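Numbering (UniProt numbering), first residue to last: 1 to 167.
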């Protein structure tokens, strides 16, 4: 049995949210009798970037397109690794230091597939989904940037490459 995530399937959750992500609640709802491994990745706002102190991040997205693309990425991961659970959620709006900006949850029979698929999902979200961030620094300056400068048409294709091998 495959769960894209039962809450998302019931329409109670969206892949793009303005609300703070509750990691504990998501993990508690991620247990599945067919899975021997559950992996939860949380991308959190750190207090520095490139030598500058970060106050907070602000995310914007093309919500409709982002939701559709995340669903497609989750389905691709599910098909590739035969996952029991594949779920992702990304914040938009203001996200404070130490808060989660994005979460990915995968579950499978074995840990290798759960880890590999989780990495695959977050990498594709960062590289492909129309979500943009603005870093607000403590000195009052701010800087807009993309999600990732790697593995895109303009980025260095040799940076952060990850080969997905299930051992």
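Cβ coordinates follow ideal geometry from the N, Cα and C atoms, glycine included. What you are looking at is a predicted structure, and each value in this text was computed from that prediction instead of being measured.
Can you give the Cα-Cα distance for residue i and residue j, rounded to whole angstroms?
i	j	result
residue 106	residue 116	9 Å
residue 143	residue 60	13 Å
residue 84	residue 140	45 Å
residue 138	residue 45	14 Å
residue 24	residue 35	18 Å
residue 80	residue 121	11 Å
residue 33	residue 123	27 Å
residue 31	residue 41	15 Å
residue 161	residue 119	In this prediction, residue 161 has a pLDDT of 40, which is less than 50 and means its spatial position is unreliable; what the coordinates show is noted afterwards. Taking the straight line joining both Cα atoms gives about 11 Å.
residue 239	residue 48	Shown here, the chain extends from 1 to 167; a query on residue 239 therefore has no answer.
residue 125	residue 63	13 Å
residue 28	residue 104	14 Å
residue 127	residue 133	13 Å
residue 195	residue 58	Since the first and last residues shown for the chain are 1 and 167, residue 195 lies out of range.
residue 111	residue 22	23 Å
residue 20	residue 68	21 Å
residue 78	residue 26	18 Å
Contact defined as beta carbons within less than 8 Å: I believe residue i pairs with residue j. What is the distance between those atoms, to the nearest angstrom?
i	j	result
residue 90	residue 102	5 Å
residue 56	residue 95	6 Å
residue 39	residue 86	With 8 Å as the limit, residue 39 and residue 86 do not qualify as a contact, their Cβ atoms being about 11 Å apart.
Indicate whether residue i and residue j have their beta-carbon atoms separated by less than 9 Å.
i	j	result
residue 92	residue 50	no
residue 37	residue 129	no
residue 53	residue 70	no
residue 100	residue 43	yes
Using a C-beta cutoff of 9 Å, does residue i count as contacting chain B?
i	result
residue 21	In the displayed structure, chain B is absent; only one protein chain is listed.
Subject >> Whole runs of the alpha helix (DSSP H) within the segment 33-119, excluding any shorter than 4 residues >> reply: 63-81
Original post:
For the segment 12-30 against the segment 64-80, are there 3 or more C-beta pairs whose distance is under 8 Å?
Top reply: yes
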